[in-house]
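Undergrad: Handing you this structure, nothing more for now.
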Ligand SMILES: *Cc1c(COP(=O)(O)O)cnc(C)c1O
């Protein structure tokens, strides 16, 4: 099939020490995948090369108008030493949805998967094996034409870099305090909220800074029009359990369709729970908290998998969810999803892709 050239480093770095906390996104492996695109030629020269700096013209389009996309998934080390990917087909499908939205040429799905598997295989020794560790995989594409006009670029670079990561919460599953943003918005229907692209993150920074200053670790976004309906957290989707029913905001065009979100929905349904994907207002959530029917709140995303929420702050109201601890269902979802990712629990068909 695809002919990926492999150039191995002559100066391998030492692997992280066994007691290294592997702080998220700080350590990079020895190699990276890279492939070019040119209009008329398509994607070409796929290669795995030593991890290195890239040279770009200061006028490269990505620096000025933000034409870039990214994905995030992980490789896991199973007990018997295999390297596993969790639902990479979902990330690849989403990557091409993002590409279409921001006029980046699509990457054929089989080539995308082969690129991930090849670079992970080359740096296989970097997939950590301690509990709650994994190899974070960051595919991304940038527009590289040296041009200051506004239009889709004619040249791109597709790269995949790898980073061994430790547990998201070093002390274990840990409830987070969430700030519901009432001043800024992240996205509106018709915008780029459902695309995984840097622009959504830069729009969120000011709120994140404000929330951190107030002692909250994450921002929860409301819809951009009525400022009433719950959308999602900075890099996580959100779930509520109210009176026994699992509720998550319906994908409406401004919410990022998370792979972990979809996995939670499927597992909850398999366990016989009622799951509703619907519009849910912040008022409904605070009412449920007041009348005692709000049983659990949690966020979902690749980095932390499941993040129980202990507090919600909205305008001047702060609601503590139950006793501020970890809900039963949040815990069960965390244990089952991580168990499936590590190959310890049999998940639904097609959720695990073996790298080696
Ligand atoms: C990536 C991301 C998520 C989580 O998606 P997963 O596929 O579960 O990792 C949620 N919200 C935003 C804005 C994201 O960028």
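Numbering (our numbering), first residue to last: 15 to 370.
The C-beta atom is built at its ideal place from N, Cα and C for all residues, glycine as well.
1. Can you tell me where the beta strand (DSSP E) with residue 253 in it begins and where it stops?
2. Taking only the alpha-carbon atoms, compute the straight-line gap between residue 46 and residue 66 and give it to the nearest angstrom.
3. Determine the direct distance from the alpha carbon of residue 132 to that of residue 27, and round the result to whole angstroms.
4. Are there 16 or more other CB atoms within 10 angstroms of the CB of residue 117, so buried, or fewer, so exposed?
5. Any contact of the region 305–312 with the region 254–266, i.e. 3+ C-beta pairs under 8 Å?
6. In three-state terms, what does DSSP make of residue 362?
7. Taking residue 89 as part of the alpha helix (DSSP H), name the residues at either end of that continuous run.
8. Give me the Cα-Cα distance between residue 278 and residue 149, rounded to the nearest whole angstrom.
9. Please say whether residue 193 and residue 246 have beta carbons closer to each other than 8 Å?
10. For residue 315, list the residues DSSP reports as bridge partners.
11. How about residue 244 and residue 289: do their beta carbons lie closer than 8 Å?
12. Looking only at its own chain, which residues have a Cβ that is under 6 Å from the Cβ of residue 100, when we skip the five neighbours before and after it?
13. What residue range does the beta strand (DSSP E) around residue 259 cover?
14. Could you compute how far the alpha carbon of residue 182 sits from the alpha carbon of residue 144?
15. For residue 139, which option in 122, 115, 43 has the closest C-alpha, if you only look at C-alpha atoms?
TA: In terms of the structure at hand:
1. As a first step, residue 253 is located in the chain shown; it is residue number 239 there, counting from the start. From DSSP, the beta strand (DSSP E) with residue 253 extends over 251–256.
2. As a first step, residue 46 is located in the chain shown; it is residue number 32 there, counting from the start. As a first step, residue 66 is located in the chain shown; it is residue number 52 there, counting from the start. Within the model, the alpha-carbon separation for residue 46 versus residue 66 is close to 8 Å.
3. Position 13 of the chain shown, counting from 1, holds the residue named residue 27. Position 118 of the chain shown, counting from 1, holds the residue named residue 132. In a straight line, the C-alpha of residue 27 is about 19 Å away from that of residue 132.
4. The residue given as residue 117 occupies position 103 in the chain shown. When all chains shown are included, residue 117 counts as exposed.
5. Here the region 305–312 lies against the region 254–266, with 3 or more beta-carbon pairs under 8 Å apart.
6. On the chain shown, position 348 is the one that residue 362 refers to. Residue state, collapsed to three classes: coil.
7. Residue mapping note: residue 89 aligns to position 75 of the chain shown, counting from 1. Where residue 89 is concerned, there is no enclosing alpha helix (DSSP H), although the beta strand (DSSP E) around it starts and stops at 87–91.
8. Against the chain shown, residue 278 aligns to sequence position 264. Against the chain shown, residue 149 aligns to sequence position 135. Cα-Cα distance, rounded: 22 Å.
9. Looking up residue 246 in the chain shown gives position 232. Looking up residue 193 in the chain shown gives position 179. Going by C-beta atoms, residue 246 is not nearer than 8 Å to residue 193.
10. In the chain shown, counting from the first residue as 1, residue 315 sits at position 301. DSSP, once it has assigned bridges, lists 319 as partnering residue 315.
11. Reading the chain shown from its first residue, position 230 is the one you call residue 244. Reading the chain shown from its first residue, position 275 is the one you call residue 289. Their beta carbons are not under 8 Å apart, which means residue 244 does not touch residue 289 by this criterion.
12. Sequence index remark: in the chain shown, residue 100 carries index 86 (1-based). 355.
13. Within the chain shown, numbered from 1, the residue matching residue 259 stands at position 245. Start and end: 259–263.
14. The residue you call residue 182 lines up with position 168 of the chain shown. The residue you call residue 144 lines up with position 130 of the chain shown. Going by the C-alpha atoms only, they are around 13 Å apart.
15. Position 125 of the chain shown, counted from the first residue, corresponds to residue 139. Distances from the CA of residue 139 to each of 122, 115, 43 were compared; the closest alpha carbon is that of 43.
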